[in-house]
Each structure stands twice: as C-alpha cells, then as structure tokens.
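Following: one structure in structure tokens, then a few remarks.
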Amino acid sequence: MTSPLSSLALFHVGPVPITAAVIVTWALMAILTLGSVLVTRRLTLVPSRTQAAFELIVDTVDGQIRDTMQMEPGPYRAFVGTLFVFIFVANWSSLVPGVGPPTAKLETDAALALLVFVAVIWFGIRAGGVLGYLATFASPNPIMIPLNFIESLTRTFSLLVRLFGNVMSGVFVIGIVLSLAGFLVPIPLMALDLLTGAVQAYIFAILAMVFIAGAVSDGKPARAIPDLSNPRTTS
Amino acid sequence: MTFDWWTLGFQTVNVAVLVWLLQRFFWKPVSAMIQQRRSTVQGQLDDAAAKRKEATEALAGIAATRAGFAKEGEAIRTAAHAAAAKDSTAQREQASKAAAVLEATARAAIETDRSTAEAAASRRASDLAVDIAKHLAARLDGAAVQAAFLDWLVKAIGAMPEAARRLAGAEGATLEAVSATPIAAADQARYDAAIGQAFGSRPQITYRADPSLIAGLELRGANLAVSNSWRADLAQVLADLKR
Numbered sequence: 020m021t022s023p024l025s026s027l028a029l030f031h032v033g034p035v036p037i038t039a040a041v042i043v044t045w046a047l048m049a050i051l052t053l054g055s056v057l058v059t060r061r062l063t064l065v066p067s068r069t070q071a072a073f074e075l076i077v078d079t080v081d082g083q084i085r086d087t088m089q090m091e092p093g094p095y096r097a098f099v100g101t102l103f104v105f106i107f108v109a110n111w112s113s114l115v116p117g118v119g120p121p122t123a124k125l126e127t128d129a130a131l132a133l134l135v136f137v138a139v140i141w142f143g144i145r146a147g148g149v150l151g152y153l154a155t156f157a158s159p160n161p162i163m164i165p166l167n168f169i170e171s172l173t174r175t176f177s178l179l180v181r182l183f184g185n186v187m188s189g190v191f192v193i194g195i196v197l198s199l200a201g202f203l204v205p206i207p208l209m210a211l212d213l214l215t216g217a218v219q220a221y222i223f224a225i226l227a228m229v230f231i232a233g234a235v236s237d238g239k240p241a242r243a244i245p246d247l248s249n250p251r252t253t254s
Numbered sequence: 037m038t039f040d041w042w043t044l045g046f047q048t049v050n051v052a053v054l055v056w057l058l059q060r061f062f063w064k065p066v067s068a069m070i071q072q073r074r075s076t077v078q079g080q081l082d083d084a085a086a087k088r089k090e091a092t093e094a095l096a097g098i099a100a101t102r103a104g105f106a107k108e109g110e111a112i113r114t115a116a117h118a119a120a121a122k123d124s125t126a127q128r129e130q131a132s133k134a135a136a137v138l139e140a141t142a143r144a145a146i147e148t149d150r151s152t153a154e155a156a157a158s159r160r161a162s163d164l165a166v167d168i169a170k171h172l173a174a175r176l177d178g179a180a181v182q183a184a185f186l187d188w189l190v191k192a193i194g195a196m197p198e199a200a201r202r203l204a205g206a207e208g209a210t211l212e213a214v215s216a217t218p219i220a221a222a223d224q225a226r227y228d229a230a231i232g233q234a235f236g237s238r239p240q241i242t243y244r245a246d247p248s249l250i251a252g253l254e255l256r257g258a259n260l261a262v263s264n265s266w267r268a269d270l271a272q273v274l275a276d277l278k279r
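Which chain is which? The protein sequence lines are A and B, in order.
If you read the first sequence in the working numbering, its first letter stands for residue 20, the second for the next number, and so on.
If you read the second sequence in the working numbering, its first letter stands for residue 37, the second for the next number, and so on.
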C-alpha cells in the first residue's frame with residue numbers, strides 16, 4: 020500500500036511527471052465535456068427527462084448563487100458550478116475500481132484552492148477595480164488590513180486542507196480496512212465516503228461563493244436580487 | 037509526503053480548462069435554454085393575459101350590447117304600448133262616433149216611423165171620423181142638416197169684416213156654393229136669398245155637389261172661401277191633434 024500523501028508518477032514526458040491524478044482528471048474532463056456536448060446537442064423548449072435533470076442542476080446552482088452571494092448568477096455560474104461538478108465527480112470516481120479520486124491528492128486540492136484564490140481576486144477587481152478590491156481589505160476598519168490579508172491566505176489554505184483531509188482520510192481509512200478485514204467490509208465506509216464527497220463538493224462551492232461575494236460586495240450595500248426562479252405572471 | 041509542482045500546474049490548468057469547456061458546452065447552452073423557455077412562457081402568459089383582457093372586454097361589449105337590446109326592447113314595448121293605447125283610443129272614439137251616428141240614425145228612423153205611424157193613425161182616424169160622420173149624416177135628416185149648415189154659413193158671412201164681406205159679395209160677383217149632396221133647384225132660391233141677405237147684395241151663386249164634404253155648405257169665390265163642412269171641421273180637428 021502506497022502512502023496517500025505521496026503522488027507517484029505513472030510516466031514521464033521528458034522531465035514532466037504525469038501522475039494518476041492528472042490522468043484521472045483528464046478522463047473526467049473528457050467525460051464531462053463529451054457528456055455536456057451530448058446533453059446540449061438537442062436542447063428543446065419542451066425538455067426530455069434528461070434535459071430536465073440537467074436544467075435542474077443549472078437552476079439549483081443559480082439558486083445557490085442567488086441565495087449565497089445575493090447576486091445574479093451569470094458571471095459566477097460556470098466557475099462555481101464547475102468546481103462543484105468536478106469535485107463531486109472526482110470524489111465519486113472512487114466508485115470505479117482501481118481509480119483513486121484526484122481530490123485525494125494534495126496537488127489537486129491545492130490547484131482548486133489556488134483557482135478560488137485567483138478567482139476571488141479576479142472577480143473582486145472586475146467588480147470594483149483594483150483600488151476597490153484592495154479597499155475590501157480595509158473593511159470594516161483599516162486596522163483589519165493585516166488580518167484580512169492573512170485571512171485571504173489562510174482561508175484558501177483551509178479550503179485546501181478541508182477538502183484534502185476529508186477525501187484523503189476516507190480513501191486512507193478504506194485502504195486500511197480493506198487491507199485488514201477483507202472484501203465486503205469497507206462497503207459501508209465507501210458509502211459514507213460518497214456522502215462525504217458530495218458534502219465536501221457542496222461545502223467547497225459554497226465557500227468559494229462566500230469568498231467571491233466578500234470580494235465583490237464588501238463595503239457595498241447588498242443588491243436586491245429579483246426572484247427569477249418563478250416566471251412573472253400578469254393578472 | 038511529497039508535493040509535485042508539475043501536478044499542481046497540470047491540475048490548475050486542467051480545472052481552468054474544464055471551467056471554460058463546461059461554460060462553453062454546458063452552463064451557457066442550458067441556462068440560455070432555461071432563459072429562452074422563461075421568455076417563451078412569459079410571452080405566452082402575456083399573450084394569454086392580453087387575450088383574457090380582450091375576452092373580458094369582448095364580454096363587456098356583449099353585455100353592453102345585451103343591455104342595449106334590453107333597452108331597445110323596452111323602448112319598442114313602450115312604443116307598442118303607446119301605439120296600442122293610441123289605436124285603442126282612436127278606435128274607441130271612432131266606435132263612439134259610429135255609435136252616435138247609428139243612434140242618430142236610429143232616432144231619425146224611429147222618429148220617421150213614429151211620424152209615419154202617427155200619419156197612418158191620423159189617416160185612419162180621419163177615415164174613421166169620416167166614416168162615422170157619414171154614418172151620422174146618413175142617419176140625420178138631410179134637410180135639417182142643410183138648414184143648419186146654411187144657418188152657420190149665414191152667421192159666418194155675418195161675422196166677416198164689413199169690407200171683406202162687401203168685396204166678396206159685390207154685385208155681379210160669382211160665388212160657388214158646394215154641398216155634400218145636391219141642393220134641389222127649389223131650395224136654391226131660398227139659399228140665394230139667405231146668402232144674399234147675409235151679404236147685403238145679390239151675388240151670382242152657382243151650386244155644385246161634392247160628397248167629400250160629408251155634410252155641409254161651403255161658399256167659394258174670387259175673394260172668398262168659407263169652409264163650413266164636416267170635412268173642414270175634421271181637418272181642423274186633425275190639425276189641432278197634430279200640434
């Protein structure tokens with residue numbers, strides 16, 4: 020049994036090591052992209068069951084963004100939704116025999132946390148400009164600037180550690196139990212690991228929304244978001 | 037524990053690319069379809085609301101038209117009632133006039149019948165009186181009757197105004213004595229003398245018999261007419277009865 024804390028290269032392309040997490044991520048990317056193309060190839064106004072299910076996903080993501088960020092979901096839907104979908108699918112990829120979830124590797128979680136860190140800066144600058152974004156560090160008081168700066172780093176690190184710890188520990192425990200008890204014993208733990216994976220995907224996406232919303236709307240009054248979940252009706 | 041920076045870079049790029057791919061092939065098309073459906077549904081709802089509004093207005097128009105029909109019907113009924121009342125009044129007036137005309141005609145007819153009946157009754161009464169008078173005259177002594185009538189004639193002549201008597205009985209005047217029965221020639225001289233004495237002259241007197249007198253002696257001339265007979269009396273009685 021290899022340590023889950025280490026990333027072993029499957030092969031090298033020149034000096035570049037290609038790990039299993041990267042290979043699985045590419046596979047997941049291919050599957051998600053191909054599935055998206057297949058799903059959106061024939062979208063109709065009267066949806067099929069499959070289309071309705073995927074529209075429900077999009078609508079749910081939009082609803083979460085509205086509820087959490089108090090903003091229109093358009094600019095953030097792709098980033099937040101893709102984070103949730105990728106982490107969810109990556110966590111559940113452990114269902115496939117012989118496949119380890121990429122999120123159980125520190126590099127993948129660090130990449131996700133790094134993207135969130137960059138996205139917070141990107142959306143913050145786009146919303147209020149560089150000075151506006153920097154001004155958010157002075158909220159609620161300029162004295163808080165050092166703490167806010169440290170917080171922007173530590174919360175990113177917490178994202179990394181939270182996701183890595185939960186997923187890695189699940190894989191680690193299952194590996195230990197499997198090596199000690201045998202074939203069918205880890206199944207309840209695997210089911211629990213699936214639940215943990217889904218919850219961690221949700222938590223990661225929610226926290227990403229909270230961080231972005233803090234950078235976008237900090238110091239500004241919250242905007243009233245019209246409820247677009249229901250069609251406007253006229254009497 | 038190891039940390040592979042190449043893997044970090046790969047995974048960062050991988051997730052960033054995945055964000056772009058899913059934005060391109062999943063989030064954008066699906067959300068666009070949701071928005072399109074919402075727009076379509078909203079448009080249909082707006083159309084439905086507009087059509088419902090049109091239907092409501094159409095119903096209001098129909099209700100107004102129905103109200104107009106009711107009002108028009110009421111006006112027609114009122115006009116019909118008024119026309120019927122007018123016609124009824126006109127017919128009553130016409131019937132009243134016709135009844136008045138009929139009443140007047142009936143009254144005239146009744147009056148005519150009554151007059152005719154009265155005339156017939158008078159005629160029958162006259163005939164009856166004549167018959168009675170004839171029967172009475174037949175039962176009386178002719179000479180005495182003639183003497184009485186001669187006496188009444190003389191008195192009538194004597195009662196005439198002097199001037200009229202002189203004019204009627206002037207010398208040479210021709211008078212006609214009419215009696216119901218012929219006066220015998222022997223008596224005519226006596227009659228001439230009595231009449232002449234009444235006139236105080238000697239007029240020329242001719243005698244003629246007229247049975248229609250029933251009984252009596254009348255004297256007629258150019259300026260004289262003395263009605264001295266039962267026929268004249270009966271005529272006078274009839275005239276008095278008709279008054």
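We put the CB at the ideal spot given by N, CA and C, even for glycine.
Checklist entry - How about residue 264 of chain B and residue 189 of chain B: are their beta carbons less than 7 angstroms apart? => result Residue 264 of chain B sits at position 228 when you count from the first residue of the second sequence. Residue 189 of chain B sits at position 153 when you count from the first residue of the second sequence. Cβ distance < 7 angstroms, so residue 264 of chain B and residue 189 of chain B count as in contact.
Checklist entry - Do you know how far the Cα of residue 202 of chain B is from the Cα of residue 193 of chain B? => result Within the second sequence, residue 193 of chain B is the residue found at index 157, counting from 1. Within the second sequence, residue 202 of chain B is the residue found at index 166, counting from 1. Taking the straight line from one Cα to the other gives about 10 angstroms.
Next on the checklist: Here's the rule: buried if 16 or more other CB atoms are within 10 angstroms of the residue's CB, otherwise exposed. What is residue 281 of chain B?
Outcome noted: This structure gives no information on residue 281 of chain B, because the portion of chain B shown stretches from 37 to 279.
Next on the checklist: Given this structure, state the Cα-to-Cα distance separating residue 209 of chain B from residue 257 of chain B, to the nearest angstrom.
Outcome noted: What you label residue 209 of chain B is simply residue 173 of the second sequence in a count that begins at 1. What you label residue 257 of chain B is simply residue 221 of the second sequence in a count that begins at 1. Whole-angstrom Cα-Cα distance: 8 angstroms.
Next on the checklist: Measuring only the C-alpha atoms, how far is residue 91 of chain B from residue 102 of chain B?
Outcome noted: For this step, residue 91 of chain B is matched to residue 55 along the second sequence. For this step, residue 102 of chain B is matched to residue 66 along the second sequence. Straight-line Cα distance between these residues: approximately 16 angstroms.
Checklist entry - The alpha helix (DSSP H) with residue 129 of chain B in it runs from where to where? => result Here residue 129 of chain B is taken as the residue at index 93 of the second sequence, counted from 1. Element bounds for residue 129 of chain B: 64-175.
Next on the checklist: Tell me the rounded alpha-carbon separation between residue 242 of chain B and residue 139 of chain B.
Outcome noted: Reading the second sequence from its first residue, position 206 is the one you call residue 242 of chain B. Reading the second sequence from its first residue, position 103 is the one you call residue 139 of chain B. Roughly 57 angstroms separates the two Cα atoms.
Item to check | residue 48 of chain B: contacting residues in chain A (beta-carbon distance under 8 angstroms) | outcome: Here residue 48 of chain B corresponds to residue number 12 of the second sequence, with the count starting at 1. Those are 130, 133 and 134, listed as they occur along chain A.
Item to check | Residue span of the alpha helix (DSSP H) that contains residue 91 of chain A, given as start and end | outcome: For this step, residue 91 of chain A is matched to residue 72 along the first sequence. Looking at the DSSP string, residue 91 of chain A is not in any alpha helix (DSSP H), and its letter there is neither H nor E.
Checklist entry - Distance, Cα to Cα, residue 192 of chain A vs residue 203 of chain A? => result On the first sequence, residue 192 of chain A is found 173 positions in, with the first residue counted as 1. On the first sequence, residue 203 of chain A is found 184 positions in, with the first residue counted as 1. About 14 angstroms.
Checklist entry - So, residue 77 of chain A versus residue 66 of chain B, is the Cβ gap smaller than 7 angstroms? => result The residue given as residue 77 of chain A occupies position 58 in the first sequence. The residue given as residue 66 of chain B occupies position 30 in the second sequence. Result yes, Cβ atoms of residue 77 of chain A and residue 66 of chain B sit closer than 7 angstroms.
Checklist entry - When Cβ atoms are compared, which residues of the region 85-108 of chain A fall closer than 9 angstroms to chain B? => result Of all residues in the region 85-108 of chain A, 92, 93, 96, 97, 98, 100, 101, 102, 104 and 105 have a Cβ within less than 9 angstroms of some Cβ in chain B.
Checklist entry - Nearest chain A C-beta to residue 80 of chain B closer than 7 angstroms, yes or no? => result As a first step, residue 80 of chain B is located in the second sequence; it is residue number 44 there, counting from the start. Answer no: the Cβ-Cβ gap between residue 80 of chain B and chain A never drops below 7 angstroms.
Checklist entry - When every heavy atom of the ligand MG is checked, does at least one fall within less than 6 angstroms of the C-beta of residue 43 of chain A? => result With respect to the ligand MG, the structure offers nothing, as it holds no ligand at all.
Item to check | residue 65 of chain A, DSSP secondary structure in three states | outcome: The count along the first sequence starts at 1 and reaches residue 65 of chain A at position 46. Here residue 65 of chain A sits in coil by DSSP.
Checklist entry - residue 38 of chain A and residue 28 of chain A: beta carbons closer than 7 angstroms? => result One-based indexing of the first sequence puts residue 38 of chain A at position 19. One-based indexing of the first sequence puts residue 28 of chain A at position 9. Cβ atoms of residue 38 of chain A and residue 28 of chain A: closer than 7 angstroms.
Checklist entry - Who are the neighbours of residue 95 of chain B on chain A, taking C-beta pairs under 8 angstroms? => result Position 59 of the second sequence, counted from the start, is the residue given in the question as residue 95 of chain B. Within chain A, no residue comes near residue 95 of chain B; the closest Cβ sits about 16 angstroms away, beyond 8 angstroms.
Next on the checklist: Within a Cβ cutoff of 8 angstroms, which residues of the same chain sit near residue 251 of chain A, ignoring the five residues on either side of it in sequence?
Outcome noted: If you number the first sequence from 1, residue 251 of chain A lands on position 232. Reliability fails at residue 251 of chain A, whose pLDDT of 41 lies under 50, so the model's placement of it is uncertain and no value is given.
Checklist entry - Which whole runs of the alpha helix (DSSP H) in the region 65-142 of chain A are 4 residues long or more, in chain order? => result 68-88 and 93-111
Item to check | Where residue 143 of chain B falls, given that 16 or more other Cβ within 10 Å makes a residue buried | outcome: Within the second sequence, the letter at position 107 stands for residue 143 of chain B. So residue 143 of chain B ends up on the exposed side.
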